[in-house]
Amino acid sequence: IVVATGMETEIGRIAELVQSQQPPPTPLQVKLDELGRTLSLIALALCGLVFMAGVWRGYDWLDMVLISVSLAIAAVPEGLPAIVTVSLALGMREMVRRHAIIRKLPAVETLGATTIICSDKTGTITQNVMTAVRLYANETPVLPNDKSMDDLPLSETDRKGVRLLLVGGLLCNDARLEAEGEKVRPVGDPTEVALVRAALWAGMSRDEEEQITPRVDEVPFQAERQRMSTLHTREGRYRLWVKGSPESLLGSSDRLWLRGHAVPLSPAFRDHWSDVTREFARDGLRVLAVAYRDFDGRPDNLLAEDESGLIFVGLIGLADPARPEVRQAVAAAHGAGVRTLMITGDQPLTARTIAAEAGIMRPETEVLTGADIEALAVAELARRLENVDVIARAAPAHKVKIVEALQSLDYVVAMTGDGVNDAPALRRAEVGVAMGITGTDVAKGAAEMVLTDDNYASIVGAIEQGRVVYDNIRKFVYYLLSCNVAEILVLFIGTMVGWPPVLAAVQLLWLNLITDGAPALALGMEKGDPDILQRRPRRRAEAIIDRRMATGIAVQSVALTTVTLLAYRMGSAGSSAGVPLAETMALVTLSSAELLRAYTARSERQLLVKIGVFSNPYMQYAVGASLLLLLLVIYVPFLQPVFKTVPLTASQWAELLPLIFIPAVAAELLKWWQNRPRPA
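Residue numbers (the working numbering): 1221 to 1900.
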C-alpha cells in the first residue's frame, strides 16, 4: 500500500531538512568583505585628498583626475579575488593528493579554521574490517579460531547454542559473499559481513540456510529501535529472528535459550548477560545480541511491535581495530588546537575503549549518549560538550543538535557522515565531510568535502592544507597592501610638498597590473611553514590584518615610500632630463623594491635565509618576468613615450641599487624582531 510520495516520504522529509540547513558564510568570505569595504573607503578618501591637494597646488585638474582615478585603481587590490580563487584551487588540488575531494571551493580555507572534528567511529577512526572474535551462548564463551567450530572442544549443547546464535546472525542479515573468480567479494555492511563469515566458520552458508528457511518479511534496522528483524518460514511454521543491541533485545525478551530449552529470563539472568555485555564492551568490541520468536501462523502485517516476547539466544563480539595512523593524526590535531569528538552508535564502554585506543578520550571527560542529547536543551548540551570526547548510542538525527550546540560555543565544526540521515548535519556544519567509499550520494551532495579513503587522518591533512592556503592568502594581502599603500603615500607626499606627480597615471596602472600581480600569485603557491600544525586555530573573529601585519604594512609602506621619493629627488636634481628621468628612477626603484619585497613576504615567521631564496620556483618566474617587462618599458624606444620613461645609465642603476634593497632588509629585520625569543 502506497502511503506517501514525493516530499511526504522520509527521503523527502530529509531533503526539506537539508534545504533548510543553510551553511554559515565562511570566515574568509566575512573577512574579505570587511577588508574590501574598508579599503574602498580609505582609497576614496585618500584619492580625494590627492586630487584636492593637486588642484590647490595649481596642477591641471584633468591630470589630477587621471592620477586620482589611477591611484584609486592601484589602491584597491582588485586582483585579490582572482588570486584568492587561484590559491583556493591550488589548495584543492593538493587536498586531492591527500585523499580529500573538495566540492565547494571556500571549504578549502574553512578547513584551516576548523576547531573541532566530529567524526564517526566505524571506518573513519577504525579500519571498518569487522571480525567476530567472541561468542557467548548457553552461558559458554567461545573464541572462534582460524580453523572451524568442529575443532573446538564443545559439548553438543554448547555447539547447538553457538549454531543457533550464528544462524540467527546469518538470516537476520542483508550481506553476502560473492565469488569473483578465485576471490570472494563481500557485499553489504561490514558488521553483517562479519556475521556471514562467522557462520561460514561454523559450517553454515547463507544460500543453504535461506533455501531451508526462506525470508518472507522484515522490519528494517532503525537507529531509534537499535535492531532489525526478519521473518522466515519452515515446514509451515514461522520464526522471527531479531538482531540488535543487547540492551534493546534484553528489554524485549522474556525467555532465554539455555541447555536446549527456553527458560524464563529472570532478573539474575538479565544481570548476568548485562555483565557479559559490559565485559565485551570494555575490550573495545561491538556487541550484538540475537533473539527469536516463533509463530504458529504468519503474522498478517509484521510490525516492530511483534519484536516482543523474544527468546534471548546470545551475544556476538565484533572487533574493529583503530586505524594505525589515527593515533598520530589525533595527536597532530590536538597539537594544532583541534578537538576530536567521536560519535558512534556503539554502547558507551565500547566507544570509550576505542576512543582511548585512538588517543581521543581524555581521562577526565565523560561519555554522552543519544538519550542524553534528546533530553538536553541546546544550551545545556553545549555546556556539557565542553567536557565530552565521545558520544555513544547516537543516531544521525542527533548530529544537527550537536553541531548547533558546538556552534553556539563558537566552534568551527567539521562533521563526518555517510548516510542519508546525516545530510542535514553535513549541511549545517561549516565543513561537511562525506565518506567516499561507504557514503550515499545524498550525503556526498550535502558535504563540502568527500574523503576517498574514509580516513580520519585525511581530515587532519586537509586541515593542514587549509591553514597553508589561509597563510598564503595573508601573505599576498600583506604584500599587496604594503605596495599599494606605498604608491598612495608616494603620490600624496609628493603632491603635498609641491613636486609634480611622482608617478604618471600609466605607470601606476603598470605597477598594479604587472609588478604586484605576478609575485602575489607566486605567494599563493608557497608550501607553508613546517610548524603550521603546531599553532592554535585562528579565532572566528580574527581579522586578516591583525596588529602584527598592520605593523609590517606600516614599516614596509614607509620604507618603500622613502626610497621612491629619494630616487625621484635624485633623478630631478642636476639633470637636464627633468621629470621623465625622475619618474623613471622612481618607477624603477619602487617596482624593483616591491619585487624584492615579495621574497621577504614568503613567510611571516621565518627569515629568507632559512626558507631559501630559490625554494619557490614560481617566485623566480614571476619576478624574472616582471623585471624583464620593466627593462622593456625602459629601453624599448616605442614603449618609452607610452610609459613616460627614459633609459637609465649604469651609473644611475648603481645609485638606485642600495635604495632598492632597503625595504627588503627592513622587512627581514622587522620579522626577526617580531619573532625573537622572549624571556619567560
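Glycine included, C-beta positions come from ideal geometry on N, C-alpha and C.
DSSP state of residue i mapped onto helix, strand, coil
i, result
"D1378", "helix"
"P1466", "helix"
"L1671", "strand"
"T1570", "helix"
"S1528", "coil"
"Y1279", "coil"
"P1484", "strand"
"I1536", "strand"
"A1172", "The structure shown does not extend to residue 1172, since the chain spans only 1221 to 1900, so no value can be given for it."
"L1460", "strand"
"G1174", "Since the first residue of the chain shown is 1221 and the last is 1900, residue 1174 is not available in this structure."
"L1626", "helix"
"L1596", "coil"
"E1400", "strand"
"G1652", "strand"
"A1578", "coil"
"I1322", "strand"
"T1258", "helix"
Residue closest to residue i, alpha-carbon to alpha-carbon, out of the options
i, options, result
"G1332", "V1856, K1830 and G1681", "G1681"
"V1296", "V1688, A1706 and H1481", "A1706"
"L1469", "W1281, T1636 and E1525", "E1525"
"A1842", "F1881, W1493, A1818 and D1503", "A1818"
"L1848", "S1811, A1884 and G1832", "S1811"
"A1501", "F1489, L1535, L1478 and A1482", "L1535"
"L1889", "G1579, T1771 and Y1788", "T1771"
"Y1458", "S1702, T1411 and T1433", "T1433"
"V1608", "D1283, I1337 and V1275", "I1337"
"R1756", "L1671, A1774, E1684 and A1793", "E1684"
"L1390", "A1357, T1411, A1419 and E1428", "A1419"
"V1778", "D1491, V1362, P1361 and I1882", "I1882"
Beta-carbon proximity check, residue i vs residue j, cutoff 8 angstroms
i, j, result
"D1766", "S1823", "no"
"A1740", "V1546", "no"
"A1551", "M1562", "no"
"R1277", "G1714", "no"
"L1879", "A1821", "no"
"T1335", "R1582", "no"
"K1621", "I1593", "yes"
"L1816", "V1722", "no"
"D1638", "A1654", "yes"
"L1538", "T1351", "yes"
"G1388", "W1461", "yes"
"L1308", "V1328", "yes"
"T1342", "D1540", "yes"
"A1906", "L1876", "Nothing about residue 1906 can be read from this structure; the chain reaches only from 1221 to 1900."
Where the beta strand (DSSP E) containing residue i begins and where it ends
i, result
"P1361", "T1360 to V1362"
"L1355", "T1351 to A1357"
"V1843", "Premise fails: V1843 lies in the alpha helix (DSSP H), P1837 to Y1855, not in any beta strand (DSSP E)."
"Y1512", "R1506 to F1515"
"M1448", "R1447 to R1454"
"P1867", "Neither: P1867 is in no beta strand (DSSP E) and is coded neither H nor E."
"L1561", "R1559 to I1563"
"K1830", "Here K1830 belongs to no beta strand (DSSP E); instead the alpha helix (DSSP H) covers L1828 to I1831."
"V1413", "Where V1413 is concerned, there is no enclosing beta strand (DSSP E), although the alpha helix (DSSP H) it sits in stretches over P1410 to W1421."
Boundaries of the alpha helix (DSSP H) in which residue i is found, first to last residue
i, result
"K1664", "D1661 to A1666"
"R1759", "Per DSSP, R1759 belongs to no alpha helix (DSSP H) and is neither H nor E."
"R1647", "A1643 to R1648"
"A1887", "A1870 to Q1894"
"W1719", "Element bounds for W1719: n/a, residue is neither H nor E."
"S1368", "First-last for S1368: undefined, no H or E at that position."
"A1725", "A1725 to W1730"
"Q1548", "V1546 to G1555"
"Q1776", "R1767 to S1792"
"K1341", "It is not in any alpha helix (DSSP H) - K1341 carries neither H nor E in the DSSP assignment."
"V1640", "Run containing V1640: none; DSSP gives neither H nor E here."
"I1901", "The displayed coordinates of the chain run from 1221 to 1900. Any statement about residue 1901 would go beyond what the structure contains."
"P1800", "V1799 to T1820"
"D1427", "R1426 to I1432"
With 16 other Cβ atoms within 10 Å as the buried cut-off, status of residue i
i, result
"W1730", "buried"
"E1803", "buried"
"N1393", "buried"
"W1892", "exposed"
"M1227", "exposed"
"P1487", "exposed"
"Q1567", "buried"
"Q1727", "buried"
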